[in-house]
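The structure appears below as structure tokens.
Protein chains: 2
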Amino acid sequence: MTSPTPPEGGAAERSRRPLRRDDGRLVRGRRSRARIRAAAGELFREVGFDAATLRAIGARAGMGASSIYRHVRSKEELLVFDLRDRQEEAWQRFRREDDKRAPTRERVRKFLEAQHALLAEDPDLTTIALRATTHPGARVARQVLALHDRTIGLLFEVLQQGKMRRDLDREVDAMAAARAIFHVTTSARIPWANGLVDAEGCRISIESAVDVLFRGLLAQPRPTHNGV
Amino acid sequence: MTSPTPPEGGAAERSRRPLRRDDGRLVRGRRSRARIRAAAGELFREVGFDAATLRAIGARAGMGASSIYRHVRSKEELLVFDLRDRQEEAWQRFRREDDKRAPTRERVRKFLEAQHALLAEDPDLTTIALRATTHPGARVARQVLALHDRTIGLLFEVLQQGKMRRDLDREVDAMAAARAIFHVTTSARIPWANGLVDAEGCRISIESAVDVLFRGLLAQPRPTHNGV
DNA sequence: TGCACTATGCGATCCTGTTCGCATGACGAG
DNA sequence: CTCGTCATGCGAACAGGATCGCATAGTGCA
Numbered sequence: 007m008t009s010p011t012p013p014e015g016g017a018a019e020r021s022r023r024p025l026r027r028d029d030g031r032l033v034r035g036r037r038s039r040a041r042i043r044a045a046a047g048e049l050f051r052e053v054g055f056d057a058a059t060l061r062a063i064g065a066r067a068g069m070g071a072s073s074i075y076r077h078v079r080s081k082e083e084l085l086v087f088d089l090r091d092r093q094e095e096a097w098q099r100f101r102r103e104d105d106k107r108a109p110t111r112e113r114v115r116k117f118l119e120a121q122h123a124l125l126a127e128d129p130d131l132t133t134i135a136l137r138a139t140t141h142p143g144a145r146v147a148r149q150v151l152a153l154h155d156r157t158i159g160l161l162f163e164v165l166q167q168g169k170m171r172r173d174l175d176r177e178v179d180a181m182a183a184a185r186a187i188f189h190v191t192t193s194a195r196i197p198w199a200n201g202l203v204d205a206e207g208c209r210i211s212i213e214s215a216v217d218v219l220f221r222g223l224l225a226q227p228r229p230t231h232n233g234v
Numbered sequence: 007m008t009s010p011t012p013p014e015g016g017a018a019e020r021s022r023r024p025l026r027r028d029d030g031r032l033v034r035g036r037r038s039r040a041r042i043r044a045a046a047g048e049l050f051r052e053v054g055f056d057a058a059t060l061r062a063i064g065a066r067a068g069m070g071a072s073s074i075y076r077h078v079r080s081k082e083e084l085l086v087f088d089l090r091d092r093q094e095e096a097w098q099r100f101r102r103e104d105d106k107r108a109p110t111r112e113r114v115r116k117f118l119e120a121q122h123a124l125l126a127e128d129p130d131l132t133t134i135a136l137r138a139t140t141h142p143g144a145r146v147a148r149q150v151l152a153l154h155d156r157t158i159g160l161l162f163e164v165l166q167q168g169k170m171r172r173d174l175d176r177e178v179d180a181m182a183a184a185r186a187i188f189h190v191t192t193s194a195r196i197p198w199a200n201g202l203v204d205a206e207g208c209r210i211s212i213e214s215a216v217d218v219l220f221r222g223l224l225a226q227p228r229p230t231h232n233g234v
């Protein structure tokens, strides 16, 4: 049922191109995988990530807890799947609605809004994704970092186009700027995930930080550029 | 032996001012606490945070694993103690060596260097501190976030002084800028902690991001400030 | 039909952070 | 001396993520 194009990163499934023809078992496996992901998603939303026991997820998916590991390498991966899907969706929506001729600041704002809408739905997405990056060597960490890279890449693209169009200062390091913007959004979400500020406060915090950044990015007549 | 001024946040110790005079037991308790922290520190450095079992820490400290919880509220707290101590030290060193008349960019650079030297010693410090913030509601999370706030406050102070002295543009939002700088440093350390870049690469990444930021902070003759 | 192969599932088990109830022993009050 | 109080310590137990060895059952091949 899922779109056939992406390899759909199941654990065993991705390991090797199927040497034998599509097995009846493989069909069952795909169905199980879908049930697991559905059950996990429901439970995560109902009781939160930490309170959702693997045994409970398994029960809802109609199987034992240990069987889940036939399809998933860790509990966190279950949420990262979700995150990846939503992220993909947010990117595509941005690309659809993006007006390449709009001012760069405006394009970035739109992108961050999409990003914010994505993550503000569920603090767990932020929390667990971040937590995943604190387990170096784990597969999940790499998956999340890959998402980071793609986000930075997208921002870089926007900034680079801004430079081409003389919308941004030509002296500016677009990659550093893209990273800075991304880092700000990531880290600014931490207080929100901890309930210290609400979603709107978080958004504003990000916006004002990006404002500060853009003060230095926008092309303007300036005498020199790197004065101490 | 530790300086008497800070309340030395042991779990039970801090809970209430001792109603009865200093007990022999309290002395024993303090000694145990010291042994635990020492043992934990050693083991963390030897095998890393995750591989250091509480049972192993307890054994090295000469007590059972469960007894540790008389002095500490969670394993993570053991490392946050460390972090807090080192952080305090780094702040003090910065304050000692800081020349308030130096250019603001330079002062910030010095501060970030101290900060980097502090954290580059041990990836676990970054990793676990970050992980702690992904457990909302946990005591450790609040402790780490308090450290964040103090760091941001210090940066704010430096930037504010820069504004006063006309070193920085008066229109700039110093708090937003301080937050932005801090967020960049925090988040930029994630790829390093995951082994994707080395310590030097991480430092450079931070520096260039801050460079971009300062392009907009430095006071310069500019026509308007909030052009689209 | 029999055999090798392998994806899926299961229950038992492991590991480790954390909690619980109880024991010990130092202290002050009566 | 005795009793209540309380900080400390202990071992058992719990919880939940992860691993292991075994069973089941499709599939292709001879």
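One line per chain: the protein sequences are A and B, in this order. The first sequence begins at 7 in the working numbering and counts up by one. The second sequence begins at 7 in the working numbering and counts up by one. All C-beta atoms in this analysis are idealised placements derived from N, C-alpha and C, irrespective of residue type, glycine included. This structure is a prediction, so every number in the text was calculated from the model and none was measured.
Residue i vs residue j beta-carbon contact at 8 Å
| i | j | result |
| --- | --- | --- |
| Val114 (chain B) | Val203 (chain B) | no |
| Phe117 (chain B) | Ile158 (chain B) | no |
| Ala183 (chain B) | Leu219 (chain B) | yes |
| His122 (chain B) | Arg209 (chain B) | yes |
| Leu124 (chain A) | Ala96 (chain A) | yes |
| Val78 (chain A) | Val146 (chain A) | no |
| Lys81 (chain A) | Leu49 (chain A) | no |
| Leu174 (chain B) | Leu161 (chain B) | no |
| Ala40 (chain B) | Leu84 (chain B) | no |
| Ala126 (chain B) | Ala205 (chain B) | yes |
| Ala62 (chain A) | Thr132 (chain A) | no |
| Val190 (chain A) | Val190 (chain B) | yes |
| Arg137 (chain B) | Arg107 (chain A) | no |
Cutoff 8 Å: residue i Cβ touching any chain A Cβ
| i | result |
| --- | --- |
| Ile74 (chain B) | no |
| Ala147 (chain B) | yes |
| Leu165 (chain B) | no |
| Ala182 (chain B) | yes |
| Ala152 (chain B) | no |
| Ser80 (chain B) | no |
| Thr133 (chain B) | yes |
| Asp217 (chain B) | yes |
| Gly64 (chain B) | no |
| Asp105 (chain B) | no |
| Arg185 (chain B) | yes |
| Asp128 (chain B) | no |
| Ser211 (chain B) | yes |
Any C-beta of chain B under 8 Å from that of residue i
| i | result |
| --- | --- |
| Ser193 (chain A) | yes |
| Ser214 (chain A) | yes |
| Arg221 (chain A) | yes |
| Val190 (chain A) | yes |
| Ile158 (chain A) | no |
| Thr140 (chain A) | yes |
| Leu124 (chain A) | no |
| Asp179 (chain A) | yes |
| Gly47 (chain A) | no |
When the options are compared against residue i, the one with the closest alpha-carbon
| i | options | result |
| --- | --- | --- |
| Asp56 (chain A) | B:Thr191, B:Phe100, B:Ala67, B:Thr140 | B:Thr140 |
| Thr192 (chain B) | B:Arg171, B:Ala135, B:Arg176 | B:Ala135 |
| Leu223 (chain B) | B:Pro197, B:Ala45, B:Gly168 | B:Gly168 |
| Gln93 (chain B) | B:Arg172, B:Val150, B:Arg41 | B:Val150 |
| Arg176 (chain A) | B:Arg221, B:Met181, B:Arg185 | B:Arg221 |
| Ile74 (chain B) | B:Arg43, B:Gln98, B:Ala120 | B:Arg43 |
| Arg76 (chain B) | B:Glu103, B:Asp179, B:Arg36 | B:Arg36 |
| Glu213 (chain B) | A:Met181, A:Ile196, A:Glu213 | A:Met181 |
| Arg172 (chain B) | B:Val33, B:Asp104, B:Pro109, B:Arg31 | B:Pro109 |
| Arg66 (chain A) | A:Ser38, A:Gly54, A:Asp91, A:Arg90 | A:Ser38 |
| Glu163 (chain B) | B:Arg101, B:Arg34, B:Asp91, B:Ser72 | B:Arg101 |
| Gly54 (chain A) | A:Leu32, A:Asp128, A:Arg99 | A:Asp128 |
Environment of residue i [buried if 16+ CB atoms lie within 10 Å]
| i | result |
| --- | --- |
| Arg111 (chain B) | buried |
| Ser211 (chain A) | buried |
| Pro13 (chain A) | Caution applies to Pro13 (chain A), whose pLDDT of 35 falls short of 50 and renders its modelled position unreliable; the value that the coordinates give is listed next. Its Cβ having fewer than 16 others within 10 Å, Pro13 (chain A) is exposed. |
| Asp88 (chain A) | buried |
| Asp130 (chain B) | buried |
| Gly70 (chain A) | exposed |
| Thr230 (chain A) | Confidence at Thr230 (chain A) is low in this model, with a pLDDT of 45, below 50, so the placement of that residue is unreliable and no value is reported for it. |
| Glu52 (chain A) | exposed |
| Gly68 (chain A) | exposed |
| Gly201 (chain B) | exposed |
| Gly143 (chain B) | exposed |
| Arg185 (chain A) | buried |
| Gly64 (chain B) | buried |
Cβ-heavy atom distance, residue i to the ligand FAD, below 7 Å
| i | result |
| --- | --- |
| Arg171 (chain B) | Looking at this structure, you won't find the ligand FAD or any other ligand, since it has none at all. |
Residue ranges of each beta strand (DSSP E) run of no fewer than 3 residues wholly in the region 25-106 of chain A, ordered along the chain? none
Please list the segments of the beta strand (DSSP E) lying wholly inside the region 104-183 of chain A, counting only runs of 3 or more residues, in order along the chain. none
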